[in-house]
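Heads up: the sequence lines are chains F and P, in that order. If you read the first sequence in our numbering, its first letter stands for residue 42, the second for the next number, and so on. If you read the second sequence in our numbering, its first letter stands for residue 9, the second for the next number, and so on. We put the CB at the ideal spot given by N, CA and C, even for glycine. For clarity, every value in this text was computed on a predicted model and none was experimentally measured.
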Amino acid sequence: MAISLTINGTRQEIDAEPDMPLLWVLRDELGLTGTKYGCGTGDCGICTVLVDGRPACACQHQLGTLAGAEVITIEGLHGRVARVVRKAWRQLDLAECGYCQSGQIITAVALLSTTPSPDDDDVDRAFAGVLCRCMSYQSIRRAVHRAAALLQR
Amino acid sequence: MTGRITTPSPEPEPVAAGSLDRRGFLKILTAGSSALVIGAWLPPVANPPHRSGRGEGFHPSPLIEITPDNMVTVIVKHLEMGQGVETGLASLVAEELDAGHDQVRTRFAPVDPMRYGNLLAFGMQATLASTSMANSYLQYRHAGAIARAMLVAAAAARWRLPRWRLTVDNGVIRSDSGDSITFGELAPEARAMPLPLAVTLKRPAEFRYIGKRFPRLDVAAKIAGRALYVSDLRLPDMLTAIVARPRRLGAKFVSYDADAARSVSGVRHVVPIDTGIAVLATNTWAAMKGAKRLAVTWDDPPGPLRGNSDFIRHYCRQLDEAGTSVFDVGNVTAHARGAATTIQADFLLPFLCHAPMEPVCAVLHFDGTRARLWIASQLPELERANVARVLGIADRDVEVITLYAGGSFGRRACFDSHYAVEAARIVSALDLRQPVKLMWTREDDLTCGYFRPLYVHRVTVTLERSGQIRTWHHAIAGQAVDRIAPAMSQMTEAEANQNSFTIFGEPPYVIPDLRIDFHDIKAPFPVLAMRSGAHGHAAFVFESFIDDLAYTVGEDPVAYRRRILDRDPRYRIVLDVATERAGWGVRSAPNRYQGVALHRTRHTYVALVAEIEMLAEGRFRVTRITCAVDCGVVVNPEIARRQIEGGIGYGLDHALRGAVTIRDGEVVQRSFRDTRPLRMPEMPPVDVVFIPSDAPPTGVGEAGVPPVAPAIANALFAATGIRIRTLPFSEARLIRR
Chain F
42 MAISLTINGT
52 RQEIDAEPDM
62 PLLWVLRDEL
72 GLTGTKYGCG
82 TGDCGICTVL
92 VDGRPACACQ
102 HQLGTLAGAE
112 VITIEGLHGR
122 VARVVRKAWR
132 QLDLAECGYC
142 QSGQIITAVA
152 LLSTTPSPDD
162 DDVDRAFAGV
172 LCRCMSYQSI
182 RRAVHRAAAL
192 LQR
Chain P
9 MTGRITTPSP
19 EPEPVAAGSL
29 DRRGFLKILT
39 AGSSALVIGA
49 WLPPVANPPH
59 RSGRGEGFHP
69 SPLIEITPDN
79 MVTVIVKHLE
89 MGQGVETGLA
99 SLVAEELDAG
109 HDQVRTRFAP
119 VDPMRYGNLL
129 AFGMQATLAS
139 TSMANSYLQY
149 RHAGAIARAM
159 LVAAAAARWR
169 LPRWRLTVDN
179 GVIRSDSGDS
189 ITFGELAPEA
199 RAMPLPLAVT
209 LKRPAEFRYI
219 GKRFPRLDVA
229 AKIAGRALYV
239 SDLRLPDMLT
249 AIVARPRRLG
259 AKFVSYDADA
269 ARSVSGVRHV
279 VPIDTGIAVL
289 ATNTWAAMKG
299 AKRLAVTWDD
309 PPGPLRGNSD
319 FIRHYCRQLD
329 EAGTSVFDVG
339 NVTAHARGAA
349 TTIQADFLLP
359 FLCHAPMEPV
369 CAVLHFDGTR
379 ARLWIASQLP
389 ELERANVARV
399 LGIADRDVEV
409 ITLYAGGSFG
419 RRACFDSHYA
429 VEAARIVSAL
439 DLRQPVKLMW
449 TREDDLTCGY
459 FRPLYVHRVT
469 VTLERSGQIR
479 TWHHAIAGQA
489 VDRIAPAMSQ
499 MTEAEANQNS
509 FTIFGEPPYV
519 IPDLRIDFHD
529 IKAPFPVLAM
539 RSGAHGHAAF
549 VFESFIDDLA
559 YTVGEDPVAY
569 RRRILDRDPR
579 YRIVLDVATE
589 RAGWGVRSAP
599 NRYQGVALHR
609 TRHTYVALVA
619 EIEMLAEGRF
629 RVTRITCAVD
639 CGVVVNPEIA
649 RRQIEGGIGY
659 GLDHALRGAV
669 TIRDGEVVQR
679 SFRDTRPLRM
689 PEMPPVDVVF
699 IPSDAPPTGV
709 GEAGVPPVAP
719 AIANALFAAT
729 GIRIRTLPFS
739 EARLIRR
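Now the structure itself:
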């Protein structure tokens, strides 16, 4: 039976196994491959998307539990905070292998939407769940502060 | 949806007669691998310009295409795995061509070692050992300069003006009488110009991109989720394959329940291959579920080495015997006799897992005669050959399409091309004509081998009365990692071993008698080199031991290092700069301690000071890292700094906790919850300073890694008096004496 949910502002009827994690719904059923597979166990956080406005690992939400949910992925991320975050990332040339960046960007947008002027501890707490094996952590911290400064303008 | 699938450039024309063949440039390499020689062997010089066969593109060399839309496409011959080589190579062309940043784009090269070989890697097409910039710095600059000369010649011919009356800036050629024309407009005419006999490269003072800012070309795509990785690829009728693999390393299946897997909706095929049972499905989740339902029974491979403790015991026994000498200067045995002081210690370095963020993955499509392989590989030439062998076709019938790699750290430099080969075995076994995506899961990645090997080092050092080192005997036991060279050149395994350990013979210090012995251990599962290779363990052992020697003779670790340093001034400069910046010897808080390490990784000099804070109950945290780097010319300061920072984070990750523990033939750590990789809160502030230099660029991808663990070990010794010779530190007991 098809499950109905809103993805990036568009209502979708998804006809897939109800135990299929949102990650594979996005990637395999909808072709939204900006959300990446890193572990499938909720440990790496790189598949973070917004589910009803909150950051969540797409691999930990089964399709069957998402009827009526609103999901925003990297492809559908928009608004002032998202623009500013991406601007800060560009200014700092921030992307190495880039594979975790969707999760980092969404985490930054979620943080700055609720905490517009985070301190280092706020940033560390918000990003503790998102791995970066290139270890760009220091740059991500700087970019989040840069984005916060841009938001103040 | 698939973003941009880079189509490879059309079949290049055959190489002109008289140009160098593979053996030819191998000969040059042996004759001397100096930058000059590399500069002298250049695709643009060896090969005449060729037509792309499509549109009005101007191809002054296999590295550049300039099209009438005024875009300059740089053909990137090294794998982009996060290290920024795509941007780096493009900036070299843009520099000499005087192109604008926004008119530059890139395309990954097809497999063609004649054109895209790496002279610092036996001429094979390869991205490894921090050689990309060292190999390609002059090649790409030359290519840019040649293209510029031909464009200027075309403009001069068009306007009937002498060349000296023309200038080039930001992709536009102007004359002093007010004419102007873009590269794109000139491309068709430039194609007809003869190759210049000689070109002059810019002097450093003329650089506008090198050493300055040239923004990364991949940021926009990567922050929009548009960059394409192999795991993102979706092709019509594609099936995804997940392989059920044994928990026990090296085990083979006895039986499995194919029907249970086939009962999963979406599963299409179940097929045994040599490494496990492959389940192919129309989507990833179905393949994963199917693989779980197989209920495979595995055998229990015999063998004496079933766990870390077996390895360690076996290695220590080996070290009691004589090993194979891989480096020997002076006469250690004779000169060790009668020394004032003899010190011996054993060091233990664990198995490590690379764990790139994107697990390895390959997509293969075979139509019965020709195959296309989408992969992100450090050794695409070898992938092609190995896949061709399994499919029973010629190398040239396999087209390799390179995409971005989601990290690698050495994981995608596999001597056996194992994941591409798995895809080929599946295709062969099923006689499949649909594209298949072979994915490793994270659990596969963490538990199925291809680790950095475990090593035990035994070092015996004698000192002069003056405190100078007299003899150094260094014995290493472990699995050899360099199977690539024997696979791709005429090197024997013994020569490859020798080659990979020569770095132990080049310490920063004066050591008159130095001997390195290697005990090559055969174990029943494959291993790989890891980012920084043997430097990763060499630096830990050397720099911990040097610190011990400083305490033995009662000197400050930095002062002692300065006293016994070799003549190479670059060591002294990085050591001076790093220690001064870190405020060496000045304690920033009562519980804080410093440690230093000095190491040269593939010709890049790094001195690093780690500051730690001792917490209650013998725990500690790293509070600051200060690091001075001499890598010659810094091509892109932002990327270089990020690479050193990242290398330090990677070194820290493995120093603190990263270890693969094998028990009863199985890997204990099965998820990131078990391996606990470094996360943001543990990343200390890192201060990196580059020494200004006009020397040829060396690598920055690896040099940050090796000095981290010894600097922390040395700080811990300063704090506790406990010398830690076992990594990771989580295994050590840190109770203050």
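By how many angstroms is the C-alpha of Asp-165 (chain F) removed from the C-alpha of Ala-605 (chain P)?
Distance between Ala-605 (chain P) and Asp-165 (chain F), taken at the CA atoms: about 28 Å.
Would you please verify whether the beta carbon of Leu-136 (chain P) is less than 8 Å from any beta carbon of chain F?
No, Leu-136 (chain P) does not count as interfacial toward chain F.
Euclidean distance between Cα positions of Asp-265 (chain P) and Gly-640 (chain P)
Distance between Asp-265 (chain P) and Gly-640 (chain P), taken at the CA atoms: about 59 Å.
Tell me the DSSP secondary structure of Arg-183 (chain F) in three-state form.
Secondary structure at Arg-183 (chain F): helix, using DSSP grouped into helix, strand and coil.
Just to make sure I have the definition right: I need the residues of chain P whose C-beta is within less than 8 Å of the C-beta of Arg-131 (chain F). Which are they?
What Arg-131 (chain F) touches in chain P: Pro-223, Val-227, Ala-228 and Ile-231.
Quick check on Ala-249 (chain P): does DSSP put it in helix, strand or coil?
The DSSP-derived three-state label of Ala-249 (chain P) is strand.
Considering only their Cβ atoms, is the gap separating Arg-149 (chain P) from Glu-214 (chain P) smaller than 8 Å?
Not closer than 8 Å, so no.
By alpha-carbon positions, which one of P:Thr-75, P:Ser-69 and P:Ala-195 ends up nearest to Ala-153 (chain P)?
If you compare the alpha carbons of P:Thr-75, P:Ser-69 and P:Ala-195 with that of Ala-153 (chain P), the shortest gap goes to P:Ser-69.
I want to verify the contact list: residues of chain F whose CB lies under 7 Å from the CB of Asp-240 (chain P), in sequence order.
For Asp-240 (chain P), the C-beta contacts it makes with chain F under 7 Å involve Thr-74, in order along the chain.
Could you give the distance in angstroms between the alpha-carbon of Pro-57 (chain P) and the alpha-carbon of Arg-211 (chain P)?
Note that Pro-57 (chain P) scores 39 on pLDDT, short of 50, meaning its location in the model is unreliable; the coordinates nonetheless yield the value given after this. Pro-57 (chain P) and Arg-211 (chain P) have their C-alpha atoms roughly 26 Å apart.
Cβ separation of Leu-87 (chain P) and Tyr-237 (chain P), assumed to be a contact under 8 Å, to the nearest whole Å
Not quite, the Cβ-Cβ distance comes to about 12 Å (not below 8 Å), so this is no contact.
Between the region 53-79 of chain F and chain P, which residues of the former have a C-beta closer than 9 Å to a C-beta of the latter?
Flagged, chain order: Ala-57, Glu-58, Asp-60, Met-61, Pro-62, Leu-64, Trp-65, Val-66, Arg-68, Asp-69, Glu-70, Leu-71, Gly-72, Leu-73, Thr-74, Gly-75, Thr-76, Lys-77, Tyr-78 and Gly-79.
Report buried or exposed for Ser-188 (chain P), applying the criterion of at least 16 other Cβ atoms within 10 angstroms of its Cβ.
Its Cβ having fewer than 16 others within 10 Å, Ser-188 (chain P) is exposed.
So, is Pro-367 (chain P) buried or exposed, given that buried needs 16 or more other C-beta atoms within 10 angstroms?
With at least 16 other beta carbons inside 10 angstroms of its own, Pro-367 (chain P) counts as buried.
Partners in chain F for Thr-449 (chain P), counting only beta-carbon separations shorter than 8 Å:
The answer, in chain order, is Gly-81.
Smallest Cα separation from Arg-681 (chain P): which of F:Ile-44, F:Leu-46 and F:Cys-80?
When each option's Cα is compared against that of Arg-681 (chain P), the closest is F:Cys-80.
Taking Leu-686 (chain P) as the query, report the chain F residues whose CB atoms sit under 7 Å from its CB, ordered along the chain.
Per Cβ cutoff of 7 Å: Met-176.
Per DSSP, cross-strand counterpart(s) of Arg-608 (chain P)
Looking at the DSSP output, Arg-608 (chain P) shares a beta bridge with P:Tyr-613.
What does the Cβ neighbour count give for Gln-145 (chain F), buried or exposed, with the cut at 16 atoms within 10 Å?
Gln-145 (chain F) should be labelled buried.
Looking at the structure shown, is Val-287 (chain P) part of a helix, part of a strand, or coil, going by DSSP?
In this structure, DSSP gives Val-287 (chain P) an extended state, which the three-state scheme calls strand.
In the DSSP assignment, find the beta strand (DSSP E) that holds Cys-369 (chain P) and state where it starts and stops.
Here the beta strand (DSSP E) through Cys-369 (chain P) covers 369-374.
Grouping DSSP H, G and I as helix and E and B as strand, with all else coil, what is Ile-154 (chain P)?
In this structure, Ile-154 (chain P) counts as helix in the three-state DSSP scheme.
Between Ser-140 (chain P) and Gly-96 (chain P), what straight-line distance do the alpha-carbon atoms span, to the nearest angstrom?
C-alpha of Ser-140 (chain P) to C-alpha of Gly-96 (chain P): approximately 10 Å in a straight line.
Do Ile-581 (chain P) and Tyr-517 (chain P) have their CB atoms nearer than 8 Å?
Cβ atoms of Ile-581 (chain P) and Tyr-517 (chain P): not closer than 8 Å.
Closer than 8 Å at the beta carbon, the chain P residues around Ala-97 (chain F)
Chain-ordered listing is empty here: chain P has no CB closer than 8 Å to the CB of Ala-97 (chain F), the nearest sitting near 17 Å.
Span of the alpha helix (DSSP H) around Ile-652 (chain P)
Boundaries of the alpha helix (DSSP H) harbouring Ile-652 (chain P): 645-664, taken from the DSSP string.
Beta-carbon proximity of Leu-313 (chain P) to Val-464 (chain P), cut-off 8 Å:
No, these two residues do not count as a Cβ contact at 8 Å.
Looking at chain F, which residues of the region 392-412 of chain P have a Cβ within less than 9 Å of any of its Cβ atoms?
Close to chain F, meaning a Cβ-Cβ distance shorter than 9 Å, are the following residues of the region 392-412 of chain P: Tyr-412.
Which residues of chain F have a Cβ atom closer than 7 Å to the Cβ of Tyr-237 (chain P), listed in chain order?
Listed along chain F are Tyr-140, each with a C-beta nearer than 7 Å to that of Tyr-237 (chain P).
In the DSSP assignment, the beta strand (DSSP E) including Lys-445 (chain P) goes from what residue to what residue?
Counting along the chain, the beta strand (DSSP E) containing Lys-445 (chain P) begins and ends at 444-447.
Closest to Cys-369 (chain P) by C-alpha separation, out of P:Glu-430, P:Leu-360, P:Arg-404 and P:Asp-177, would be which residue?
Here the closest residue by C-alpha is P:Glu-430.
CB of Asp-56 (chain F) to nearest heavy atom of the ligand MG: below 7 Å?
What this structure holds is no ligand at all, so the ligand MG is not there to describe.
Cβ separation of Val-398 (chain P) and Arg-433 (chain P), assumed to be a contact under 8 Å, to the nearest whole Å:
So it is a contact: roughly 6 Å between Cβ atoms.
Quick check for students: name the residue ranges of the alpha helix (DSSP H) that lie wholly in the region 385-421 of chain P, counting only runs of 4 or more.
Listed in chain order, the alpha helix (DSSP H) elements of length 4 or more contained wholly in the region 385-421 of chain P are 388-399.
When the Cβ atoms of the region 130-147 of chain P are set against those of the region 542-550 of chain P, are three or more pairs found closer than 8 Å?
By the Cβ test, the region 130-147 of chain P is not in contact with the region 542-550 of chain P, since fewer than three Cβ pairs between them sit closer than 8 Å.
What are the boundary residues of the alpha helix (DSSP H) that Cys-20 (chain F) is part of?
Outside the shown range of chain F (42 to 194) lies residue 20 (chain F), about which nothing can therefore be said.
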